[in-house]
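Engineer:
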Amino acid sequence: MEHSLRTRKLYIAVKRHWQLYLLIAPVLVYFLIFHYLPMYGVQIAFKDFIGTKGIWGSPWVGWKHFERFFDSFFFWRLLKNTIGISLYELAVGFPIPIVLALMINEVRSSPFRRFVQTVTYAPHFLSTVVLVGMVVIFLSPTTGIVNQAIEAFGGQPTYFMTEPDWFKSIYVFSGVWQQMGWSSIIYLAALSGIDPQLHEAARVDGASRLRRIWHINLPGIRPTIVILLILNVGSVMGVGFEKVFLMQNSLNMEASDVISTYVYRSGILGSQYSFASAVGLFNSVVNFMLLVMVNRMARRLNQTSLW
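Residue numbering for the sequence shown follows our numbering, beginning at -11 and increasing consecutively.
1. Specify whether the stretch 19 to 39 and the stretch 255 to 265 touch according to this definition: at least 3 beta carbon pairs, one from each stretch, less than 8 Å apart.
2. Express the C-alpha separation of Leu114 and Lys231 in angstroms, rounding to a whole number.
3. Val87: which of Ile21, Trp170, Asp59 and Glu55 sits nearest, CA to CA?
4. Please state the DSSP three-state secondary structure of Trp51.
5. Could you pull out every residue in the same chain whose Cβ sits closer than 6 Å to the Cβ of Asn237, ignoring the five residues on either side in sequence?
6. Taking 6 Å as the limit between beta carbons, can you name the residues of its chain near Ile84, skipping five residues before and five after?
7. Should the stretch 208 to 222 be called in touch with the stretch 97 to 107, which here means at least 3 C-beta pairs below 8 Å?
8. Measuring CB atoms only, is the stretch 195 to 210 touching the stretch 104 to 113, in the sense that at least three cross pairs come out at less than 8 Å?
9. How many Å lie between Ile218 and Gln144 at the Cα?
10. Taking Cβ positions, are Ile125 and Thr116 nearer each other than 9 Å?
11. Tell me, to the nearest whole angstrom, how far the beta carbon of Leu239 is from that of Thr150; I am working on the premise that it is less than 8 Å.
12. With DSSP collapsed to three states, give me the class of Lys(-3).
13. Following the continuous alpha helix (DSSP H) through Trp154, name the residue where it begins and the one where it ends.
14. Could you round the C-beta distance between Thr249 and Phe229 to whole angstroms and report it? I think they count as a contact, below 8 Å.
15. Just to check my reading of the structure: Ile247 and Thr70 have Cβ atoms closer than 8 Å, yes? What is that Cβ distance to the nearest angstrom?
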């Protein structure tokens, strides 16, 4: 009885708002065709894939490829590098756009504000290949501007791109430089929605600019911060492949080898499709679990969540 009542309510809602359902239909179709149907191929992580037999005809092997990955020499190195880079990026790259947005929001000169926004947004439009090329040129031990500055102060040139200790910092700070302006846009949009009367009342009460930022601006954009933090934590295991791969070389492999590059080496170069699928599936499952956990924590602590 209850089920039929619910179905009837759904039918009435669809009939009443059919224009809205029609608008969202192409998006649903897109996700079904390009994001859900291809997932049937995930089953090769539990099979020994044989090209001539195809995905359905290959024999099942259970958890064999997962156990091989967990027992492999590379497992802990990959986990350490992947999580290390992601947490480093989260700790440095997440708060900087917030600070930048708060600073831009306080600028009263429109020309200077547009200049700062243009300068900070511009790196976002560089391709990853160009960005890594610029980083390599800047950090060159012979002609790079960074090493020339070090030598000018009496120091010795450093081979930044070949030393494992420098890899994570170069990866994170080059990403911050590229994305901080673009990421600050959403916080600026949230700041623009704060009621100006709150600031007027605070000024009348004698609150300084820092006090108003702390007690009005930051609480005003807190839901936005929480949502973006959840999304960032949910992709902790998802270090981007392209940039790491471009910055990677045999000398910094100890620090630059992450799960995505390992999947590429074993799957594409080594033709171990089932094993690579198992590694990639493990990565995705951990990401999904982190997203659910952080979302639940945020909902309990702050009443703000993705769902």
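Just so it is clear, CB atoms sit at the ideal spot from N, CA and C, and this is done for glycine as well. Keep in mind it's a predicted model, so treat the numbers as computed, not measured.
Structural biologist: Taking the structure as given:
1. Yes, the stretch 19 to 39 is in contact with the stretch 255 to 265.
2. Within the sequence shown, residue 231 is the residue found at index 243, counting from 1. Within the sequence shown, residue 114 is the residue found at index 126, counting from 1. Here the alpha carbons of Leu114 and Lys231 stand approximately 12 Å from one another.
3. Taking the sequence shown and counting its residues from 1, the one referred to as residue 87 is at position 99. Of Ile21, Trp170, Asp59 and Glu55, the residue nearest in Cα terms is Trp170.
4. Mapped onto the sequence shown, residue 51 falls at position 63. Judged by DSSP in its simplified three-state form, Trp51 adopts coil rather than helix or strand.
5. Along the sequence shown, one-based indexing puts residue 237 at 249. No residues qualify anywhere along the chain.
6. The residue labelled residue 84 in the question sits at position 96 within the sequence shown. Within its own chain, the residues whose Cβ lies closer than 6 Å to the Cβ of Ile84, once the five positions on either side in sequence are excluded, are Val164 and Met168, listed in chain order.
7. Flag = no, the stretch 208 to 222 and the stretch 97 to 107 do not touch.
8. No, they do not touch.
9. Taking the first residue of the sequence shown as 1, we reach residue 218 at position 230. Taking the first residue of the sequence shown as 1, we reach residue 144 at position 156. Their backbone Cα atoms lie some 42 Å apart in a straight line.
10. Residue mapping note: residue 125 aligns to position 137 of the sequence shown, counting from 1. Residue mapping note: residue 116 aligns to position 128 of the sequence shown, counting from 1. At the C-beta level, Ile125 and Thr116 stay beyond 9 Å of one another.
11. Start at 1 with the first residue of the sequence shown, and residue 239 comes out as number 251. Start at 1 with the first residue of the sequence shown, and residue 150 comes out as number 162. That pair is a contact at about 4 Å.
12. Taking the first residue of the sequence shown as position 1, residue -3 is located at position 9. Lys(-3): helix per DSSP, three-state reduction.
13. Sequence index remark: in the sequence shown, residue 154 carries index 166 (1-based). For Trp154, the enclosing alpha helix (DSSP H) starts and ends at Pro152 to Ser180.
14. Locating residue 249 in the sequence shown gives position 261, counting from the first residue. Locating residue 229 in the sequence shown gives position 241, counting from the first residue. Beta-carbon to beta-carbon, Thr249 and Phe229 are separated by about 6 Å, close enough to satisfy the 8 Å threshold.
15. As a working mapping, residue 247 is identified with position 259 in the sequence shown. As a working mapping, residue 70 is identified with position 82 in the sequence shown. With a Cβ gap of about 5 Å, Ile247 and Thr70 count as contacting.
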